[in-house]
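Numbers given in my numbering equal positions in the sequence shown, counted from 1, plus 33. The beta-carbon is built from N, C-alpha and C at its ideal position, and this holds for glycine as well. These figures come from a predicted structure and were not determined experimentally. One structure is given here, and the rest of the page talks about it.
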Amino acid sequence: MKHAAFHSFHWLVRVLILGALALTAAPLHADVPGFQNLSHLQGNSFAMLPVQAQAAISQVIGRDQGSYHAVRTATGWRFNNPTHQLGATFDADGATVQHANTAWSFGLRAWGYGNTRFGVEAQTPRAVQNRIEYARGALTEWYVNGLLGIQQGFTVQASVISHQLPVISHQSPVSELTLEFDLPSDLNVEIAVDRRSLTLWRGKEMALRFTGLTAYDARGSALRARLEVARKNEKDESSALRVRVDTRGAQYPIVIDPFVQRAKLVAADGAANDWFGSAVAISGDTVVVGAYGDDIASAAGQGSAYVFVKPGGGWSDMAQSAKLVASDGAAGDLFGLSVAISGDTVVVGAISDDVGSNADQGSAYVFVKPNGGWVGTLPQAAKLTASDGTAYDDFGSAVGISGETIVVGARSDTDRDEVQGSAYVFVKPGSGWGGYLNETAKLLASDGTVNDYFGAAVAISGDTVVVGVSGDDIASNADQGSAYIFVKPVVGWNGYLNETAKLAAADGAAVDTFGRSVAINGATVVVGADYDDIGGNPDQGSAYIFTEPGGGWSGSLSQTAKLTSSDGAASDNFGGAVGVSGDMVVVGAGYDDLGGNTNQGSVYAFVKPGGGWTDMTETSKFNALDGAAFDIFGAAVSISGDVVVVGANFDDVGSNKDQGSAYVFANGTATPTPTPASTATSTPTATHTPTATATTPNDCSARPAKPQLVAPAPNAVVTKSKVPLVWGDVTCETLYKVFVKDAATNKRVYKNTLDVDMTRVRSTVLARSKTYKWFVEACNTAGCTKSAVWKFFKP
């Protein structure tokens, strides 16, 4: 039985420290310069703005709309924010935020730097329109209600800090800005391994989740930030939440945890076994989701696809804007097994469509946004088939689109050999997409053989196509898998074409199924290998990044970087779905077990390091707040900008088993955080929260997480005689071990052991004209976890 799910709450903390020569703090009634009368901004025009501008506009809209204004109460003030289902009350004791039957008294109790903190006393709040302030001497704590939600911030006078705090030095812990809050005594607290999110549990029920803590300064430079739970003091056994931000070298203002939008997408007419979410795609403000099990009238398993358009107020729980069906569809076509979108054009694969007398030859359908928008039930604009198609080709097993070019995989095509597979390219005719169309070009592997399943996955970006071949045998490794790159010839897509380059994993092994999923954006290709064995974990899975060489895609290439999950386990099938946009990669692990939920599924996000892609574990991980066992969350993923869509095709919606759903995650920075919410259907139904068990704040019975190196970046040139070595902090460590070795001889030239609070050190003087490699181990009583190994050169 599913029961009511609690929402995540996300807060925006903006910390502004004003120097002696800087502007003074703005008065309570001050306008935001340059943002007057902007309440008309919405949709893409708003989302494309930097998060700071969004926050400023949110404040102005909240100021101009009375529904966001503070309301007087008997003891203070109140904010209402129905858009985000939040409320907040403010009195002399502080702020309390409410959602459903859960409330958190923020109760800022202390602030400062390092271990030097100032307590705060009760203070009557004052309000003007949509802004509430607590004047606490050197610290002004403020809250603003608006389009983005309820923002919290602090203004601190630097001149006061300089008189009351010790001088901040390079190694001094007082360079950590610390904000300390009370925690509710009736809830258990669980801090995530990455120390950027926490969950509050009421017994076995998840009550609130705070996720994705990030921080950056006014230049956009990332700052190390973390959450921690600790005793308030030696005499007080109760717990406090501390937000710590390393401000060394920072340029103010600092932004901590940008606001996140949220949505869960479902079909308004969904039914059991629709498998909605088996395929997902996003382009700008439009999402398309495949439901290949959908019954259309009496045609069982004909399949459909659904289009969702971002509302003006941002993504929110919703049913579809439009439904796409094939006008000539029939039972068992499995329309919706694959989907793709670019701008106003959607492509949907129907892998089992009978074409003429050819059973299961397969086809693909093109839908173009009507003048009136994506509304209602829509038939296709064009139908795509292979001119040489035969029975059981599985044409439509994968689809991709970029601009006016579509690529379709036919994984079981018998061209040249039995079940070798192929892919087809279609270029938009001058008259537009319409009627029945055959391919412009056919793509084949020059070394293809039986059971390669070339075309099981396809992707396209501009003039470059990537095709996954999960069954390719590499030397004696059966089904190791590969991927092929095709670059548009000078004369255009025409005729039969072989690959420009072949991609394979340098560490590949039999049955890795490298090529199960592929994605491309510009010069970056991502390939999933969901059966890759990691350490002693069979089928944990991995993903590989390939960046286009300076000379272009050519020859046989091995990866630039390998991506794995820090908490991976056997049979997670990490890499079953991949996506890439700019400097962010997302990877689905649909069979990840969460707590007691078998195969609930997860998605991992990776942000490109400053020094370029290198072997790494995730930047962040997110899940469905209402997830349950066997949802297979992460079965499909897609990303556009900073918005991620995730399919959970076996999610039970109400009483409909395996109806399926999709989730939208969005963020104003490079690090995504999850915000799924309760199901929105035409008939309200209960939803499920995880049955995970609450844990103590710091359960450190296992080894620490893998340390992430920061600087010097891979292959950096370092001129300093003593090299600064910097890495990211992890939880559950008791000490760090730092090593530097001569890369040529592997001889250790430097080692240091540091306590838990140190994440940077300078090496001894290193000889010049040498290449060195360095790494860090995070250790506790359970053992040590080694970081990646990076190299640098001293000229």
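Exposure label - residue i; buried when at least 16 CB within 10 Å
i, result
"residue 606", "buried"
"residue 737", "buried"
"residue 292", "Residue placement at residue 292 is flagged as unreliable, the pLDDT there being 33, under the threshold of 50; the coordinate-derived value follows with that caveat. The residue in question, residue 292, is buried, as its Cβ has 16 or more Cβ neighbours within 10 Å."
"residue 219", "exposed"
"residue 274", "buried"
"residue 313", "buried"
"residue 157", "exposed"
"residue 660", "buried"
"residue 34", "Only weak support exists for where residue 34 lies, its pLDDT of 32 falling under 50; the value from the coordinates is given anyway. Exposed: under 16 other Cβ atoms inside 10 Å."
"residue 781", "exposed"
"residue 763", "buried"
"residue 356", "buried"
"residue 755", "exposed"
"residue 805", "buried"
"residue 690", "exposed"
"residue 517", "buried"
"residue 554", "buried"
"residue 679", "buried"
"residue 154", "exposed"
"residue 779", "exposed"
"residue 809", "buried"
"residue 650", "buried"
"residue 104", "exposed"
"residue 412", "exposed"
Residue i vs residue j beta-carbon contact at 8 Å
i, j, result
"residue 587", "residue 668", "no"
"residue 354", "residue 299", "no"
"residue 665", "residue 629", "no"
"residue 276", "residue 260", "yes"
"residue 374", "residue 438", "no"
"residue 164", "residue 175", "yes"
"residue 405", "residue 385", "no"
"residue 744", "residue 757", "yes"
"residue 359", "residue 383", "yes"
"residue 162", "residue 102", "yes"
"residue 338", "residue 431", "no"
"residue 636", "residue 670", "yes"
"residue 429", "residue 440", "no"
"residue 542", "residue 577", "no"
"residue 528", "residue 514", "no"
"residue 379", "residue 452", "no"
Boundaries of the beta strand (DSSP E) in which residue i is found, first to last residue
i, result
"residue 597", "594-597"
"residue 617", "617-622"
"residue 433", "428-435"
"residue 166", "164-169"
"residue 384", "Looking at the DSSP string, residue 384 is not in any beta strand (DSSP E), and its letter there is neither H nor E."
"residue 215", "209-215"
"residue 321", "319-324"
"residue 144", "141-146"
"residue 401", "396-401"
"residue 504", "Neither: residue 504 is in no beta strand (DSSP E) and is coded neither H nor E."
"residue 698", "694-699"
"residue 417", "415-417"
"residue 314", "309-316"
"residue 340", "337-342"
Any 3 or more C-beta pairs closer than 8 Å across the segment 567-587 and the segment 526-543
yes
Determine, using beta-carbon pairs with one atom in the segment 462-482 and one in the segment 423-433, whether at least three such pairs fall under 8 Å.
no
Pair every Cβ in the segment 100-112 with every Cβ in the segment 145-155, then say whether three or more of these pairs are closer than 8 Å.
no
contact_flag[the segment 511-528, the segment 461-468] where n(CB pairs < 8 Å) is 3 or more:
no
Under 8 Å: do the segment 385-402 and the segment 344-353 share three or more Cβ pairs, one atom per stretch?
no
Count the C-beta pairs between the segment 607-617 and the segment 554-566 that are closer than 8 Å, then say yes if the count reaches three, no if not.
yes
Jot down the residue ranges of each uninterrupted beta strand (DSSP E) in the segment 98-122, minimum 3 residues, whole runs only, in chain order.
110-114
Residue ranges of each beta strand (DSSP E) within the segment 620-675, 3 or longer
635-640, 653-655, 666-673
Which whole runs of the beta strand (DSSP E) in the segment 538-623 are 3 residues long or more, in chain order?
547-554, 557-562, 575-580, 588-590, 594-597, 607-614, 617-622
Runs of beta strand (DSSP E) lying entirely within the segment 753-808, each at least 3 residues, in chain order:
755-760, 768-775, 781-788, 793-798
Decide if the segment 302-309 is in contact with the segment 816-826; the criterion is three or more beta carbon pairs, one per stretch, under 8 Å apart.
no
Pairs of beta-carbons, one from the segment 768-782 and one from the segment 684-698, closer than 8 Å: are there three or more?
no
Can we say the segment 507-516 touches the segment 466-476, given the rule of at least three CB pairs closer than 8 Å?
no
Secondary structure, beta strand (DSSP E): runs of 3+ residues fully inside the segment 480-534:
487-494, 497-502, 515-520, 528-531
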